[in-house]
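Q: Numbering (this note's numbering), first residue to last: 350 to 809. Let me give you the structure first, and then I'll get to my questions.
This is the structure in structure tokens:
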């Protein structure tokens, strides 16, 4: 394709990110040259799809495995259970030589289910509906001594993962070895996991993910679709393609869990918070854990806090997975709304209240810049606007930590002066190709256009 840039080299003279350098992978993505894991197709490959429960809770009564196997092109039907605990729960998989045969085979199963009562959310749990407990310890004394008390209940809904490139992988067995084209944020984790299903040693498995079409924290494991692909590749010895469709993506690839938070706090007339009790309930679907929320966050002074009152609540839905700062968005939503409501009750500028309760010098500087950029000082008074079109002003903060682990990259210097940077990790959304290329170019002292970066391959 004219204008393509397959070796991921910058296309202008920019020397660094601060010098208008083009993203190293921007052109490939914009022109369609970028090859994602879903794009790896083989004429002789097998297609795999999970057999899923269509109800919130049900037991499989019958399934015509022979009829599915009689469909031309269907090569294998595996049924490993009969209980569906949520819509999208899997009990097995079908393997076929092409997509049409796969769909016809799934239809031919004619699965019959006996439905059962199910729970659809955290509000059906009696613990959630029970009255809030009384504050204890120092928090109880602080709330009692405050000029005012404030009580509220906040909720956030489940947010399902829906990556543009759905979850899955394509596996190419090659004797004792295998190449796995997985849509993953964790190339080495997937190499460890899939090897067990392929029956191969870790050293014999290479995971390749040159580009990933979204992950948001949900693509660090192979998932059920990957496990089925591994088993099918092992039994058939053929290349296997197993990716979720859009409906499956919403049902069974994880989510940001729902939250219900009960709050009682004491505050003075100027908005100063003296003490608080918080009770949180996280919706974990069928999982036993993972519904936590970071509230209070520690960014603001809530006085004496009685806050270790979290319970995970199960119901009939898929379980959570990490989604962009797990637990922090739900907690920030609760915390920021509390501050806005207290500021409104006290007639205090919401930004001024946050400054008083937040002693971080760095965030103070951020407040200054953000307020200036949006014209905070000139905003309309709350409730002063009318008509169908109104301008809203708000402020909120969130933070997330960083982790470090032993890592290395390889830099190859070619005879023509071109530098090739290699790493096995995938980009988790930070522009890793361009960032690594810019660092190497700056440290070695060459134009960024002379650097290419290869990522996402676990090959030793």
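Glycine residues also receive a C-beta, built at the ideal position from the N, C-alpha and C atoms.
(1) Specify the secondary structure class of residue 578 as computed by DSSP and reduced to three states.
(2) Assuming residue 834 is part of the beta strand (DSSP E), what are its boundary residues?
(3) Three or more beta-carbon pairs under 8 Å between the region 435–446 and the region 477–493, yes or no?
(4) Residue range of the alpha helix (DSSP H) that residue 793 falls in?
(5) Let me check understanding here. Comparing Cα to Cα, which of 662, 623, 652 lies closest to residue 642?
(6) Rounded to whole angstroms, what's the CA-CA distance from residue 353 to residue 546? Just pull it up for me.
(7) Return no unless some Cβ of chain D is closer than 9 Å to the Cβ of residue 418.
(8) Leaving out the 5 sequence neighbours to the left and right, which residues in its chain are closer than 7 Å to residue 807 when beta-carbon positions are compared?
(9) In whole angstroms, what separates the C-alpha of residue 508 from that of residue 670?
(10) Within 10 angstroms of its Cβ, does residue 561 collect 16 or more other Cβ (buried), or is it exposed?
(11) Can you tell me the Cα-Cα spacing of residue 636 and residue 667, whole angstroms?
(12) When we look at the beta-carbon of residue 778 and count the other beta-carbons within 10 Å, is it buried (16 or more) or exposed?
(13) Give me the Cα-Cα distance between residue 652 and residue 621, rounded to the nearest whole angstrom.
(14) Please state if the CB of residue 630 and the CB of residue 659 are separated by a distance shorter than 9 Å.
(15) I need the boundaries of the alpha helix (DSSP H) containing residue 382, first residue and last residue.
(16) Suppose the cutoff is 6 Å on Cβ atoms and the five residues either side in sequence are ignored; what does the same chain contact list for residue 771 look like?
(17) On the criterion of 16 or more Cβ atoms from any shown chain inside 10 Å, does residue 763 qualify as buried, or is it exposed?
(18) By the three-class DSSP mapping on this structure, what secondary structure does residue 599 have?
(19) For a quick check, are the C-beta atoms of residue 746 and residue 728 less than 9 Å apart?
(20) Along the chain, where does the alpha helix (DSSP H) that runs through residue 421 open and close?
(21) Quick one: which unbroken alpha helix (DSSP H) runs of 4-plus residues sit fully inside the region 396–462? Chain order, please.
(22) Identify, in the order they occur along the chain, each residue of the same chain with its Cβ nearer than 7 Å to the Cβ of residue 664, setting aside the five sequence neighbours on each side.
(23) Within its chain, find whatever has a CB closer than 7 Å to the CB of residue 606; leave out the 5 residues flanking it on each side and keep chain order.
(24) Can you tell which of 766, 412, 776, 781 has the C-alpha that lies nearest to the C-alpha of residue 796?
(25) Ignoring anything shorter than 3 residues, give me the beta strand (DSSP E) runs that lie fully in the region 648–717, in order along the chain.
(26) So what does residue 610 bridge to, in DSSP terms?
(27) What residues are listed by DSSP as bridge partners for residue 771?
(28) Alpha carbon to alpha carbon, how far is residue 591 from residue 447?
(29) How far does the beta strand (DSSP E) with residue 523 in it extend, from its first residue to its last?
(30) Give me the residue from 404, 453, 493 with the minimum Cα distance to residue 466.
(31) If we count Cβ pairs, one from each stretch, closer than 8 Å, do we get three or more for the region 372–381 versus the region 503–523?
(32) Is DSSP giving residue 488 helix, strand or coil here?
(33) For residue 350, which residues of its own chain have a beta-carbon under 7 Å away from its beta-carbon, when the five flanking residues on both sides are left out?
(34) Thinking just about the alpha-carbon of each residue, which of 566, 569, 589 is nearest to the one in residue 577?
(35) Sorry if obvious, but does the Cβ on residue 795 come closer than 8 Å to a heavy atom of the ligand SAH?
(36) Might you give, ordered along the chain, the residues of its own chain that have their beta carbon closer than 8 Å to the beta carbon of residue 799, omitting 5 neighbours on each side?
A: Taking the definition as stated:
(1) helix
(2) Since the displayed the chain opens at 350 and closes at 809, residue 834 lies outside it and no answer follows.
(3) no
(4) 781–793
(5) 662
(6) Low local confidence applies: a pLDDT of 47 at residue 353 is under 50, so the model's placement there is unreliable, with the coordinate-based value given in what follows. Approximately 38 Å, taken between the alpha carbons.
(7) Of the chains in the structure shown, none is chain D; there is only one protein chain.
(8) 536, 537, 540, 555, 556, 773
(9) 11 Å
(10) buried
(11) 8 Å
(12) exposed
(13) 9 Å
(14) yes
(15) Segment: none, residue 382 is in no alpha helix (DSSP H) and carries neither H nor E.
(16) 759, 803
(17) exposed
(18) helix
(19) no
(20) Run containing residue 421: none; DSSP gives neither H nor E here.
(21) 414–418, 448–457
(22) 468, 469, 470, 471, 473, 632, 634
(23) 507, 631, 632, 633, 639, 640, 669
(24) 766
(25) 653–655, 659–663
(26) 503, 629
(27) 759, 803
(28) 12 Å
(29) 517–523
(30) 404
(31) no
(32) helix
(33) Because residue 350 sits at a pLDDT of 37, beneath the cut-off of 50, its placement in the model cannot be relied upon, and the point is left open.
(34) 589
(35) This structure simply doesn't include the ligand SAH, nor any ligand for that matter.
(36) 358, 766, 767, 768, 790
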